[in-house]
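Sequence order for the protein chains is Y and H. The first sequence begins at 35 in the working numbering and counts up by one. The second sequence begins at 35 in the working numbering and counts up by one. Glycine included, every Cβ here is placed at the ideal spot set by N, Cα and C.
There are 2 protein chains.
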Amino acid sequence: MNPLDDPRLTAMGLLAEVHAGLIARMQPALSASGLSDIDFETVLRLGRSPWQRLRMTDLAAQTGLSTSGVTRVIDRLERDGLVERVACSSDRRASYAALTDAGRARLEAVLPVHLRDIESCFTGLLSDDELTAFLATLRKIRDVVRPCATAGTASAAAATARAGEELHLPRQPQQPRR
Amino acid sequence: MNPLDDPRLTAMGLLAEVHAGLIARMQPALSASGLSDIDFETVLRLGRSPWQRLRMTDLAAQTGLSTSGVTRVIDRLERDGLVERVACSSDRRASYAALTDAGRARLEAVLPVHLRDIESCFTGLLSDDELTAFLATLRKIRDVVRPCATAGTASAAAATARAGEELHLPRQPQQPRR
DNA sequence: TGTAGACCTTTGTTGGCGCAAATATCCGCA
DNA sequence: TGCGGATATTTGCGCCAACAAAGGTCTACA
Chain Y
35 MNPLDDPRLT AMGLLAEVHA GLIARMQPAL SASGLSDIDF ETVLRLGRSP WQRLRMTDLA
95 AQTGLSTSGV TRVIDRLERD GLVERVACSS DRRASYAALT DAGRARLEAV LPVHLRDIES
155 CFTGLLSDDE LTAFLATLRK IRDVVRPCAT AGTASAAAAT ARAGEELHLP RQPQQPRR
Chain H
35 MNPLDDPRLT AMGLLAEVHA GLIARMQPAL SASGLSDIDF ETVLRLGRSP WQRLRMTDLA
95 AQTGLSTSGV TRVIDRLERD GLVERVACSS DRRASYAALT DAGRARLEAV LPVHLRDIES
155 CFTGLLSDDE LTAFLATLRK IRDVVRPCAT AGTASAAAAT ARAGEELHLP RQPQQPRR
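The following block contains the structure:
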């Protein structure tokens with residue numbers, strides 16, 4: 035049998051195809067709201083974070099972008115008024131990217147149609163049991179390939195101190211990023 | 035409940051995270067062989083195709099790249115001697131990208147470690163039943179988001195004529211790509 | 001206190017990719 | 001045969017992101 039038809043390659047290809055296909059399906063609704071893919075992810079992550087803000091570095095860790103990439107994404111979003119930079123009072127090197135009211139509004143405006151997209155191309159295709167099993171499998175893989183993607187979230191902060199009561203979280207010993 | 039914590043967003047995020055994480059895990063082995071991610075996909079798809087060749091347009095359809103993107107990928111691979119352009123005898127507009135012996139060798143050299151990577155971060159984590167169910171779910175989604183990603187493959191050609199006997203497959207009525 | 005090293009962010013540079021336009025070719029139809 | 005529209009590939013252009021370097025700041029330790 036041809037080694038190029040190995041079922042592991044097929045499995046990997048299938049996963050990539052599904053991911054790419056889903057992204058392509060979501061794209062139109064997002065760009066209709068003037069948000070690129072990565073813009074949306076950024077704004078969403080900010081919206082989900084305590085005080086709707088995140089340090090640049092944490093945003094980079096969560097999104098997988100380089101820190102310079104984050105700088106420019108926030109440049110664009112700040113130019114459009116969806117995000118603003120806020121100096122960090124406890125560490126003058128750092129700055130927060132904080133969602134503005136306009137950013138929050140933009141996010142909430144796209145959300146319904148985006149959720150409908152996910153529903154119609156993904157979650158809605160599966161039975162409850164099937165979806166549950168699928169997500170459990172994904173989590174199993176995620177825990178192996180991405181052990182530390184929670185920088186700046188409540189759970190990560192809780193690991194070091196009672197979190198969320200002060201905005202300037204103490205530095206935590208970050209696992210080397212490679 | 036915060037609409038930003040909708041389980042559909044979580045599901046989508048999980049899938050994206052897994053995909054990105056897996057890609058990141060595969061990267062080192064591939065780039066150690068001098069192949070970028072997209073290079074590897076291209077070479078692999080050529081290797082799997084009849085006569086180890088594919089028309090530029092079909093390659094674009096399979097990879098999701100634009101046709102100009104394919105032009106430049108093949109430019110690079112041809113410069114490195116892994117692929118060569120072959121004129122199509124039945125259609126002087128078209129050209130094939132054909133895997134060279136060096137390309138085939140390069141592909142077979144990376145394959146073992148790449149398969150081991152997939153095994154250790156993905157398929158090897160799951161029981162047989164779990165993997166089967168996972169792939170079935172992926173196929174279900176794939177069929178919805180990507181109904182036509184088989185351009186230039188045997189199955190696609192078989193739909194129009196007894197295929198594979200002549201290299202210059204007859205044009206098939208391509209579903210509009212948008 | 002002073003200093004070395006780590007850390008956070010930004011900026012210059014480079015390479016990749018999509019879009020639109022240009023060129024060559026094919027095909028159906030009068 | 002000759003023409004118009006469709007198709008295959010390439011090229012010019014602009015945007016986006018990674019990498020590397022630079023400047024400012026923090027922290028541990030002597």
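At what residues does the beta strand (DSSP E) containing residue i begin and finish?
{"i": "leucine 121 (chain H)", "result": "Correcting the residue type first, residue 121 (chain H) is alanine in the shown sequence and not leucine. It spans 117-121 - the beta strand (DSSP E) in which alanine 121 (chain H) sits, taken as one unbroken run."}
Can you confirm whether residue i, when its beta carbon is compared against all beta carbons of chain H, has any partner nearer than 8 Å?
{"i": "valine 34 (chain Y)", "result": "Only positions 35 to 212 of chain Y appear in this structure, which leaves residue 34 (chain Y) out of reach."}
{"i": "aspartate 135 (chain Y)", "result": "no"}
{"i": "valine 147 (chain Y)", "result": "no"}
{"i": "aspartate 39 (chain Y)", "result": "yes"}
{"i": "valine 178 (chain Y)", "result": "yes"}
{"i": "leucine 69 (chain Y)", "result": "no"}
{"i": "leucine 64 (chain Y)", "result": "no"}
{"i": "arginine 42 (chain Y)", "result": "yes"}
{"i": "proline 210 (chain Y)", "result": "With a pLDDT of only 30 at proline 210 (chain Y), under the threshold of 50, the placement of this residue in the model should not be trusted, and no figure is reported."}
{"i": "arginine 59 (chain Y)", "result": "yes"}
Can you pull the DSSP bridge partners for residue i?
{"i": "leucine 88 (chain H)", "result": "H:Ala131"}
Between residue i and chain Y, is there a C-beta pair that is closer than 8 Å?
{"i": "valine 117 (chain H)", "result": "no"}
{"i": "phenylalanine 74 (chain H)", "result": "no"}
{"i": "leucine 172 (chain H)", "result": "yes"}
{"i": "arginine 89 (chain H)", "result": "no"}
{"i": "arginine 113 (chain H)", "result": "no"}
{"i": "aspartate 92 (chain H)", "result": "no"}
{"i": "cysteine 155 (chain H)", "result": "yes"}
{"i": "leucine 78 (chain H)", "result": "yes"}
{"i": "leucine 169 (chain H)", "result": "yes"}
{"i": "methionine 46 (chain H)", "result": "yes"}
{"i": "glycine 81 (chain H)", "result": "yes"}
{"i": "leucine 49 (chain H)", "result": "yes"}
{"i": "glycine 98 (chain H)", "result": "yes"}
{"i": "glutamate 200 (chain H)", "result": "Residue placement at glutamate 200 (chain H) is poorly supported in this model, since its pLDDT is 37, which falls under 50; the coordinates are not used for a value here."}
{"i": "alanine 54 (chain H)", "result": "yes"}
{"i": "valine 144 (chain H)", "result": "no"}
{"i": "arginine 127 (chain H)", "result": "no"}
{"i": "arginine 110 (chain H)", "result": "no"}
{"i": "methionine 35 (chain H)", "result": "no"}
Smallest Cα separation from residue i: which of the options?
{"i": "aspartate 125 (chain Y)", "options": "Y:Thr91, Y:Glu75, Y:Gln96 and Y:Asp71", "result": "Y:Thr91"}
{"i": "serine 65 (chain Y)", "options": "Y:Gly98, Y:Leu43, Y:Ile108 and Y:Val147", "result": "Y:Val147"}
{"i": "leucine 43 (chain H)", "options": "Y:Cys155, Y:Met35 and Y:Met46", "result": "Y:Cys155"}
{"i": "alanine 23 (chain Y)", "options": "Y:Asp151, Y:Val179, Y:Val52 and Y:Glu142", "result": "Missing from the structure shown is residue 23 (chain Y); chain Y here goes from 35 to 212 and no further."}
{"i": "cysteine 34 (chain H)", "options": "H:Leu88, H:Ser67, H:Leu56 and H:Arg138", "result": "Beyond the ends of chain H as shown, which are 35 and 212, falls residue 34 (chain H); an answer cannot be given."}
{"i": "arginine 138 (chain H)", "options": "H:Gly158, H:Asp114 and H:Glu153", "result": "H:Asp114"}
{"i": "glycine 98 (chain H)", "options": "H:Val77, H:Ile72 and H:Leu116", "result": "H:Ile72"}
{"i": "alanine 226 (chain H)", "options": "H:Leu69, H:Arg82, H:Thr157 and H:Glu51", "result": "No information on residue 226 (chain H) is available, as it lies outside the stretch 35 to 212 that chain H covers here."}
{"i": "serine 161 (chain H)", "options": "Y:Ala167, Y:Leu116, Y:Asp163 and Y:Leu159", "result": "Y:Ala167"}
{"i": "isoleucine 57 (chain H)", "options": "Y:Gln96, Y:Ala143, Y:Ala170 and Y:Ala50", "result": "Y:Ala50"}
{"i": "arginine 173 (chain Y)", "options": "H:Leu159, H:Val179 and H:Lys174", "result": "H:Leu159"}
{"i": "tryptophan 85 (chain H)", "options": "H:Arg106, H:Val120, H:His53 and H:Asp177", "result": "H:Val120"}
{"i": "valine 77 (chain Y)", "options": "Y:Met46, Y:Arg59, Y:Leu149 and Y:Glu112", "result": "Y:Glu112"}
{"i": "isoleucine 175 (chain H)", "options": "Y:Asp40, Y:Met35 and Y:Arg59", "result": "Y:Arg59"}
{"i": "alanine 136 (chain Y)", "options": "Y:Gly68, Y:Met35 and Y:Gly55", "result": "Y:Gly68"}
{"i": "leucine 165 (chain H)", "options": "Y:Val104, Y:Met46 and Y:Ala128", "result": "Y:Met46"}
{"i": "alanine 95 (chain H)", "options": "H:Arg79, H:Pro41 and H:Asp39", "result": "H:Arg79"}
Along the chain, where does the alpha helix (DSSP H) that runs through residue i open and close?
{"i": "glycine 98 (chain H)", "result": "It is not in any alpha helix (DSSP H) - glycine 98 (chain H) carries neither H nor E in the DSSP assignment."}
{"i": "leucine 48 (chain H)", "result": "41-66"}
{"i": "phenylalanine 74 (chain H)", "result": "71-82"}
{"i": "phenylalanine 156 (chain H)", "result": "Phenylalanine 156 (chain H) -> no alpha helix (DSSP H), and no H or E assigned at all."}
{"i": "threonine 171 (chain Y)", "result": "162-179"}
Is residue i close to the ligand MG? I mean its beta-carbon at under 7 Å from any heavy atom of the ligand.
{"i": "histidine 53 (chain Y)", "result": "The model on display carries no ligand, and the ligand MG is accordingly not part of it."}
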